[in-house]
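J.:
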Amino acid sequence: MEEINQKISSIINANNENSLAIFVGAGLSKTTDNEHVKLPSWDDLINELKADLNICDETDPLKIAQLYYIEFGEFLYKKKIKKFFPENIKPSQAHKFILDLNVNTIITTNWDVLLENSIQENAYIYDVISSDQDLVKSSLPKKIIKMHGDFKNNNIVFKEDDYINYSYNFPLIENYVKSIISTHTVLFIGYSYNDIDLKQIVKWSQNHSDVRPPMYLVVFKENKTQRKYLENHGITTILLNSSASNESYSKLTTEFIEKIKNNNIDGITSSNSETINFIYKRLIRFSQMNAILIEQINLALTNCRFNYISDNEAIIEFRQSIETTNYNINISKIYKKFIEILSSHVENEVHDNPKLGYIFQTFRKAGIIGVHLKNDESNSKITHYYEFKNAYAQRTDLIYNCCLNFNENSNFNYTNDIQSLLDNAYIYYLKNDQENTYQALDMVVSECLKQKSYTQLFISIFNKNIILNYLRYSSIPIHRVKYSNIQYTDINELYANLPKDLRLTLEPIYKFINFDFLYRHNYNVDEQLKNKENAMDNISSGGITFQNNIYEPAFQHNNLLSFLIKNRIMIDNDQQIKELNEKFISISVIRQFQKNEVELNKLELYSCIKMVRNDELMSIINIPYKKAHKLKPKLKAISISTENKDWLVRTVLFSLITEYAAPNKNSQHRCEEIQNVMFLIASISLPEEDLEFVFECIRKLINSERNEIATYHAINEFLGIRYNLFEGEIKSIQITETLETIIDKLAYGRYNGNDFNAITRHKLSNLYNYAKITKSKFKKTKSITDLLSEFKDASDSNKISLCIFLLFSVYDISNKPIIGKINKFAISIDTSTVDEYKKIEFELLLVKLKVKTMSTKTKTEIIDHITKLNKNHCFSSNFQYIKHLLMDILKELEDKELNEALIILDSMIKIHDTNPAQSIF
């Protein structure tokens, strides 16, 4: 039995290497026999010809066929033969299994159409070749060669002349078959020892080199003389049964082909080494991957499921009953043996088997920390599992840590090995340096081809296509010109042209980079999200919902991110990936909708920063209140571990702002990440020293040379959220120092257009409100003096903006000398040159602050302006601010006409359903 298994393994290996050719003889057609229809054997056909010829002493079948042709002529000769081979016979399972082997070349000496019928029934893609003309026209890589012709082409090979003239009638097919014999492992199935066609092929092989792949003949009876004869010609026999009856022939043939199809699963013995080796062979395809998706393990092994015991740990369970869609009883027996091996070594782990060690390491790459051994049958809960020791844990990945820390400026010692080159390209990618990323990937591809490192090759080619797309549509004109004519690499074509064994090895990474995994995963995560939302609505309505594997979504999320980063796949900016991460975060939040705080793990925090749009992040974190209660979202605090809190504040925030604020560096892509991390930090409880560190970072951010308006929005949002969640926590000194930073930046000309627009467009309202709440004191008279000097020649419009949104915002917390300077500056502004909106707003503010009194002219202008706006059905977001100014003024000034204008303004506001930004008031 072991000898047969070795031969079968050789055939399987040849098939995996795309170097197996199968010769199909008449015996395979006999597997279709049933009680109603039986195809003739060779002897049946010859005996009937002999009967018609009335001869008994002739034994040469080719001569008998020749005599029949001479005696009855071509028409009756072919009619006689064809009646034995009806076209409507249904192919057997053996025919399907042979086609399932997916070999490139099947050669048959049969005239029947069983293989063709099986192709049609199962939608296989083969060219059927019955003549030299067919071979010339063939375009498909997979071919069925009917080397003895067929009835359709009227060129069957049977009589003596056909064999003698074969080289003349089929020169191309003959040479093709000879080349296959010389270069492929050959499996003869459906032939007997004395088969004429087998003898012809043996004769062809005699004239070729002795150094060629093996040939195997499947037989059912032992004949030592014939076996030795064939061995002398390079053909090894595989004896399936020494006493096979005609009834068992079909079964044995089908089972043999099935063994090859299923990698001889039932040929594995009860030995520990073969069991371990089986699992090892199924997992060896992951050897060049640094992280593995748990679904890839499921597809490679089958018959398994997973129990998720935390956000990043799972236990693999091999099924012993038909509870999975991919259940296979033979594989189940092997896994049962594997569990027995592990059960006997729970306390004393086996260290002397490198294949077992590889299996454990591969599982750890997918986040699997153990194998389920047994469970409580009453509730199916895990009660005992084999845990892999820490020795099999993955080594520290510096680039992975660098990525999570948003710190691509770490120093690494790069070498010329493939992984190091890929790491170097990934660092360029993290820096948003697309051109250097592309050039670095070019080096990786070249090295992968030299070393035949195909997993990294496909990852690198995929990355190159991604980066090339960025460059071709870059905002930088020189990049668009330089890369516009460079072609993408066709990964699908590259994969299709690989040998079968390489395709099997690359299948896990290929299914990911051709988006097959992502399409399915997106669908599955959509279903999980819908289930969580339905459960939330059900609980909110007073119902009860039971949840299994509550850690599964968080595990899958962590698993996906680890897979991307550790394998250096540059796809995290892809919209589909971002949407997938948003769904994972939503599932995590919805699962906790009854809690007062949302608990997030490290990779969920990373996703919130890296993958989620800032305008979506708040609604995602607070989605339960909006969906379940149909109310405006209420801010929820975020709960994270002390370790993650330190990482978020001291590492991530610091890294992002340090990079963003660095001079002469293009780091604008970090802007939204800064907004997101500021939102997250605003939502977590912080010790005093951490909060002080955050304000140090905020001041560093304000002092950046290339600020965007969005960075000021992030600061304003941070203050608003902290007030709502942790009122009274921020100290006046922190607010005052931040104000001083802003004023000094303007006073000493270190600002850009975005700085000025943000500061003078109500983007820091919460900062000024906080200053009043904390009773901060602003005493830096020199800073205000320098600021007013800096803007003395500015336009009147800019002077008014400076007053409204900055100077008057610190008015109440400033000392008398500063207030006097501000008043003097404000009164000197000529309002006749600015638009009506700004003029009215400014004049009202001067009256409210008692810098000026309400003049008749100002009053008339205000009333006329509001009346005109109402008549023209105009609306502005400034109406609310003007309304509050009027209300404050009318508290101390009784004026009927102004009060009527206020009523008109209020009605105009109520008509429009505004959605003001988050504020602490």
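The working numbering numbers the first residue of the sequence shown as 311 and each following residue consecutively.
Where is the CB? At the ideal position from N, CA and C, for every residue including glycine.
#1: Can you tell me which of the three DSSP states K456 falls into?
#2: Could you have a look at K317 and say whether DSSP puts it in helix, strand or coil?
#3: For K373, which residues of its own chain have a beta-carbon under 7 Å away from its beta-carbon, when the five flanking residues on both sides are left out?
#4: Taking the beta strand (DSSP E) that E909 belongs to, which residues open and close that run?
#5: Below 7 Å CB to CB, which residues in the same chain sit around Y793 once its five sequence neighbours on both sides are set aside?
#6: Are the CB atoms of P863 and Q838 within a distance shorter than 7 Å?
#7: Please go through the segment 452-538 and give each complete beta strand (DSSP E) segment of 3 or more residues, from N-terminal end onward.
#8: With contact counted as at least three CB pairs below 8 Å, one residue from each stretch, are the segment 770-777 and the segment 752-760 in contact?
#9: Taking DSSP as the reference, what is the three-state secondary structure of F1028?
#10: Can you give the Cα-Cα distance for H831 and I416, rounded to whole angstroms?
#11: Drop a sphere of 10 angstroms on the beta-carbon of F670, count the other beta-carbons inside from all chains shown, and report buried for 16 or more, exposed for fewer.
#12: Can you give the Cα-Cα distance for E496 and Y559, rounded to whole angstroms?
#13: Please determine if the segment 871-883 and the segment 900-907 are in contact, where contact requires at least 3 C-beta pairs separated by less than 8 Å.
#14: Going by the C-beta, is E757 closer than 6 Å to any heavy atom of the ligand ADP?
#15: By alpha-carbon positions, which one of Y695, T564, R629 ends up nearest to S654?
#16: Looking only at its chain, what residues have a beta carbon closer than 6 Å to the beta carbon of F716, apart from the 5 residues adjacent to it on each side?
#17: In or out: Q866 buried (at least 16 other Cβ within 10 Å) or exposed?
#18: Could you name the residues that DSSP lists as bridge partners for Y829?
#19: So the candidates are S1105, K1092, F1101, I1123; which of them puts its Cα closest to the Cα of K1082?
#20: So Q766 and L732 are in contact, right, with Cβ under 8 Å, and what is the actual spacing, rounded?
#21: So what does D437 bridge to, in DSSP terms?
#22: What residue does the alpha helix (DSSP H) around R790 start on, and which one ends it?
#23: Going along the chain, which residues of its own chain have a beta-carbon closer than 8 Å to the beta-carbon of I1269, five neighbours each way excluded?
#24: Check whether the Cβ atoms of L1212 and L1196 lie closer than 7 Å to each other.
#25: Taking the alpha-carbon positions, what's the M1218 to K893 distance?
#26: Count the other C-beta atoms from every protein chain shown that fall within 10 angstroms of the C-beta of H979, then say buried if there are 16 or more, exposed otherwise.
#27: Return the residue from the list V413, Q598, V487 that minimises the CA-CA distance to S441.
#28: Note down, in chain order, each residue of its chain lying with its Cβ closer than 7 Å to the Cβ of V1144, except the 5 sequence neighbours on either side.
#29: Tell me which residue opens and which closes the beta strand (DSSP E) that C614 is part of.
#30: Per DSSP, what kind of secondary structure is T341 in: helix, strand or coil?
#31: If we ignore side chains and look at the alpha-carbon of each, how far apart do S502 and N414 end up?
#32: Check whether the Cβ atoms of I895 and S917 lie closer than 7 Å to each other.
#33: The alpha helix (DSSP H) with L966 in it runs from where to where?
#34: Is there contact between the segment 394-411 and the segment 328-337, where contact requires at least three CB pairs shorter than 8 Å?
#35: E627 lies in the alpha helix (DSSP H); which residues open and close that run?
#36: Check this for me: beta carbons of F498 and L527, under 7 Å apart or not?
T.: Concretely, from the data shown:
#1: Taking the first residue of the sequence shown as 1, we reach residue 456 at position 146. If DSSP states are grouped into helix, strand and coil, K456 belongs with the strands.
#2: Counted from its first residue, the sequence shown places residue 317 at position 7. Note: K317 maps to helix in three-state DSSP.
#3: Residue numbering aside, residue 373 sits at position 63 when the sequence shown is read from its first letter. E470.
#4: For the purposes of this step, residue 909 is taken as residue 599 along the sequence shown, with counting starting at 1. Run containing E909: 907-909, per the beta strand (DSSP E) assignment.
#5: Locating residue 793 in the sequence shown gives position 483, counting from the first residue. Around Y793: L778, L781, R782.
#6: Looking up residue 838 in the sequence shown gives position 528. Looking up residue 863 in the sequence shown gives position 553. For Q838 and P863, yes; Cβs fall inside 7 Å.
#7: 453-456, 495-499, 525-529
#8: yes
#9: For the purposes of this step, residue 1028 is identified with residue 718 of the sequence shown, where counting begins at 1. DSSP places F1028 in helix when its eight states are reduced to three.
#10: Numbered from its first residue, the sequence shown carries residue 831 at position 521. Numbered from its first residue, the sequence shown carries residue 416 at position 106. Distance between the alpha carbons of H831 and I416: 37 Å.
#11: For this step, residue 670 is matched to residue 360 along the sequence shown. Label assigned to F670: buried.
#12: One-based indexing of the sequence shown puts residue 496 at position 186. One-based indexing of the sequence shown puts residue 559 at position 249. Per the sequence shown, the amino acid found at residue 496 is Val instead of Glu. Whole-angstrom Cα-Cα distance: 21 Å.
#13: no
#14: With respect to the ligand ADP, the structure shown offers nothing to examine, as it has no ligands at all.
#15: Here residue 654 refers to the residue found at position 344 when the sequence shown is read from its first residue. Checked all of Y695, T564, R629; the closest Cα to S654 is Y695.
#16: Sequence index remark: in the sequence shown, residue 716 carries index 406 (1-based). Closer than 6 Å at Cβ, skipping near neighbours: V962, S965, L966.
#17: Within the sequence shown, residue 866 is the residue found at index 556, counting from 1. The residue is buried, with at least 16 neighbouring Cβ atoms inside 10 Å.
#18: Your numbering for residue 829 matches position 519 in the sequence shown. In the DSSP output, where bridge partners are listed per residue, Y829 has none listed.
#19: Position 772 of the sequence shown, counting from 1, holds the residue named residue 1082. It is I1123.
#20: To locate residue 766, count along the sequence shown from 1; it is residue 456. To locate residue 732, count along the sequence shown from 1; it is residue 422. Sure, about 6 Å apart at Cβ, within 8 Å.
#21: One-based indexing of the sequence shown puts residue 437 at position 127. In the DSSP output, where bridge partners are listed per residue, D437 has K453.
#22: As a first step, residue 790 must be located in the sequence shown, where it is residue number 480. R790 -> alpha helix (DSSP H) spans 787-793.
#23: Missing from the structure shown is residue 1269; the chain here goes from 311 to 1231 and no further.
#24: Counted from its first residue, the sequence shown places residue 1212 at position 902. Counted from its first residue, the sequence shown places residue 1196 at position 886. Going by C-beta atoms, L1212 is nearer than 7 Å to L1196.
#25: The sequence position of residue 1218 within the sequence shown is 908, counting from 1. The sequence position of residue 893 within the sequence shown is 583, counting from 1. Roughly 40 Å separates the two Cα atoms.
#26: Residue numbering aside, residue 979 sits at position 669 when the sequence shown is read from its first letter. H979 comes out exposed.
#27: Taking the first residue of the sequence shown as 1, we reach residue 441 at position 131. Residue V487 is the option with its Cα nearest to S441.
#28: Indexing the sequence shown from 1 puts residue 1144 at position 834. Counting only Cβ-Cβ distances below 7 Å, and skipping sequence neighbours, we find D1106, S1107, I1110.
#29: Locating residue 614 in the sequence shown gives position 304, counting from the first residue. Unbroken beta strand (DSSP E) run through C614: 614-620.
#30: Residue mapping note: residue 341 aligns to position 31 of the sequence shown, counting from 1. If DSSP states are grouped into helix, strand and coil, T341 belongs with the helices.
#31: Position 192 of the sequence shown, counting from 1, holds the residue named residue 502. Position 104 of the sequence shown, counting from 1, holds the residue named residue 414. Straight-line Cα distance between these residues: approximately 24 Å.
#32: Numbered from its first residue, the sequence shown carries residue 895 at position 585. Numbered from its first residue, the sequence shown carries residue 917 at position 607. It is a contact, given that the beta carbons lie within the stated cut-off.
#33: Numbered from its first residue, the sequence shown carries residue 966 at position 656. Run containing L966: 964-971, per the alpha helix (DSSP H) assignment.
#34: yes
#35: Residue numbering aside, residue 627 sits at position 317 when the sequence shown is read from its first letter. Unbroken run through E627 is the beta strand (DSSP E), 623-628; no alpha helix (DSSP H).
#36: Within the sequence shown, numbered from 1, the residue matching residue 498 stands at position 188. Within the sequence shown, numbered from 1, the residue matching residue 527 stands at position 217. Yes.
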